[in-house]
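In the numbering used here, the protein residues as written are 101 to 562. Structure first, commentary second.
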Amino acid sequence: MSRFILRFVFVVILLAASAIAQQQPDFKKAHEEAQKFLTELIRIDTSNPPGNEARAAEYIKGVLAAEGIPAQIYESAPGRGNLVARLKGSGRKKPLLLMGHLDVVGVERDKWSVDPFAAVTKDGYIYGRGSHDDKAMDAANLEVLLLLHRLNVPLDRDVILLAEAGEEGTTQFGIDFMVANHWDVIDCEYALNEGGGVPEENGKVLYVGVSTAEKVPRGIVLKARGTSGHGSAPRVDNAIAHLAAAVARVANWEAPMRLNETTRRFFEQLARISSPEKAELYAHVEDHAVQQKLHEREPAYYSMLRTSLVPTIIKGGFRANVIPADAEARFDVRALPDENMDALKAELTKLINDPAVQIVDAENSNARPATPPSGLNTDGYKALERAQQKVFPGVQTIPIMQVGATDSSELRVKGVQAYGIGSPMSAEDQKRIHGNDERVEIAGFGKFVEFLYEATVEIAGR
């Protein structure tokens with residue numbers, strides 16, 4: 101009798117092991133399919149403006165429909181479509197949201213070496229606008245949802261796919277619209293979005309960066325007023341002269357340096373894995389001399405330390421021989437998440453010390469909410485660490501603060517733990533995002549699909 105029981109137990113174990121093995125995706129096929137999705141999405145021109153994301157949303161809806169997965173498109177304006185699809189879980193936990201935006205920035209076609217909307221494949225890369233930002237995320241999200249569905253992966257929480265419109269400077273058509281009007285269909289505990297990345301150097305992965313915080317885009321305008329007149333008669337209240345002095349003062353001023361939970365952990369962990377020379381810098385970022393070295397060598401890291409104010413547009417005058425009555429300068433302000441903008445503007449007013457110059461908020465300067473960082477000790481973040489060890493063993497998961505902006509901020513303000521992830525990428529390819537000849541490495545994109553799948557199963561699986 102005992103021999104029969106042992107044999108029965110052995111068979112059960114074999115069957116269970118077989119079932120587990122069957123649930124592992126064929127990642128080679130998954131990579132190829134995701135690559136197909138990416139190339140076809142790139143070929144749908146969703147340059148914003150005008151967007152026309154509904155065409156891309158319809159494409160994704162068709163792919164899902166062929167697999168028996170229903171999806172709904174919510175239009176915020178004609179042609180501005182936001183797609184939502186859902187795989188049901190047990191409901192024991194709140195959902196996980198996989199999100200990406202369908203719009204892309206425009207292109208200067210004459211500066212590209214290939215057609216930016218042809219998804220040209222060469223030398224191990226896919227070239228095209230949106231190949232990284234953000235159609236790689238959309239394609240990977242789609243592939244992961246299909247894998248979960250095909251393999252019938254047991255889920256403790258619903259997994260929601262959101263392919264949204266209008267992230268590139270026009271959030272009112274995408275995440276703002278969905279949060280304000282359809283929060284019930286995307287309400288979640290965790291979200292995985294763009295914003296992180298896997299830096300590579302000489303083909304070697306340095307670390308897996310997970311974005312847990314981001315600086316807040318704000319804009320200010322310095323406006324100078326004077327008296328107009330003939331250029332042959334110099335005036336002491338020349339608006340351009342007053343503006344130029346004010347711009348120089350603000351551009352050369354440094355806001356106070358502050359670390360938060362994310363940036364403190366970032367530099368601490370970065371110091372542990374860097375060369376001795378760089379480790380010395382990262383371990384002493386509170387030293388002003390070190391900050392100046394970062395400013396010169398690694399401006400993005402320097403920007404993590406403080407609110408930045410960069411002059412980007414200057415307007416003034418209309419004829420060479422006419423003194424204008426007014427002039428203005430636009431500053432791109434990237435504020436730390438806890439920055440008090442009223443206090444900052446008061447400090448700048450004292451710094452400028454010129455009644456002829458006023459500081460006003462730029463149009464749409466408060467479009468993005470300021471939010472605290474997502475947690476580093478949540479089940480979601482720990483799940484990302486486990487997934488990283490499966491796909492990128494031997495490196496660290498490091499939290500980062502984005503110096504740019506993503507739609508994760510609109511989720512964090514609703515209490516969602518939102519984390520930004522991304523594909524392996526060299527410093528050279530990083531420069532191409534929003535630039536000419538944007539591209540994504542095919543092998544790296546495949547690893548990202550694998551990482552996203554493992555992360556999703558770690559967070560949402562039973």
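Think of the CB as a built atom: it goes at the ideal place given N, C-alpha and C, for glycine as much as any other residue.
Opposing strand residues paired with residue i [DSSP bridges]
{"i": "T221", "result": "I226"}
{"i": "L320", "result": "For the sequence presented, residue 320 should be read as Ile rather than Leu. Looking at the DSSP assignment, I320 forms a beta bridge with F431, D461."}
{"i": "E510", "result": "DSSP output for E510 lists no bridge partner at all."}
{"i": "T497", "result": "V308"}
{"i": "G297", "result": "G309"}
{"i": "S526", "result": "E300"}
{"i": "E314", "result": "Q502"}
{"i": "I173", "result": "L183"}
{"i": "S147", "result": "V204"}
{"i": "E541", "result": "Y225"}
{"i": "L292", "result": "L198, Y519"}
{"i": "G561", "result": "L255"}
{"i": "G329", "result": "I423"}
{"i": "M357", "result": "R406"}
Nearest-angstrom Cβ-Cβ length linking residue i and residue j, presumed shorter than 8 Å
{"i": "I173", "j": "L183", "result": "5 Å"}
{"i": "V259", "j": "G200", "result": "The Cβ separation is near 14 Å, so there is no contact."}
{"i": "R318", "j": "M441", "result": "6 Å"}
{"i": "R180", "j": "A154", "result": "7 Å"}
{"i": "L262", "j": "L197", "result": "6 Å"}
Separation of residue j from residue i, as counted between CA atoms
{"i": "A341", "j": "S147", "result": "39 Å"}
{"i": "V321", "j": "V460", "result": "5 Å"}
{"i": "F548", "j": "E264", "result": "20 Å"}
{"i": "E167", "j": "L242", "result": "11 Å"}
{"i": "A635", "j": "R358", "result": "Any answer about residue 635 is impossible in this case: the structure gives the chain only from 101 up to 562."}
{"i": "D426", "j": "S328", "result": "8 Å"}
{"i": "Y382", "j": "L247", "result": "40 Å"}
{"i": "L511", "j": "T556", "result": "18 Å"}
{"i": "Q502", "j": "F418", "result": "39 Å"}
{"i": "D233", "j": "P455", "result": "43 Å"}
{"i": "I559", "j": "P216", "result": "36 Å"}
{"i": "I542", "j": "G224", "result": "6 Å"}
{"i": "G561", "j": "P254", "result": "6 Å"}
{"i": "G230", "j": "S332", "result": "51 Å"}
{"i": "A435", "j": "L444", "result": "10 Å"}
{"i": "R143", "j": "K415", "result": "37 Å"}
Own chain, CB closer than 7 Å to residue i, minus 5 neighbours either side, in chain order
{"i": "S526", "result": "E300"}
{"i": "V390", "result": "L381, H384"}
{"i": "Y553", "result": "P125, V244, L247"}
Residue i: CB within 8 Å of a non-hydrogen atom of the ligand GDP
{"i": "H384", "result": "Within the structure as shown, the ligand GDP is missing, as the structure has no ligands at all."}
Cβ of residue i within 9 Å of any chain C Cβ
{"i": "A462", "result": "Judged by its chain identifiers, the structure shown contains no chain C, having just a single protein chain."}
8 Å CB neighbourhood of residue i in its chain, flanking five on each side removed
{"i": "T506", "result": "E267, N293, E294, G295, S311, E314, G520"}
{"i": "R192", "result": "D256, R257"}
6 Å CB neighbourhood of residue i in its chain, flanking five on each side removed
{"i": "V205", "result": "E268, H534"}
{"i": "A351", "result": "P411"}
Threshold first: 3 residues or longer. Then list the beta strand (DSSP E) segments lying entirely within the region 373 to 449, N to C. 408 to 416, 426 to 435
Please specify which runs of the beta strand (DSSP E), each continuous and at least 3 residues long, are wholly inside the region 228 to 270, giving them in chain order. Segments of the beta strand (DSSP E) lying fully in the region 228 to 270: 259 to 264.
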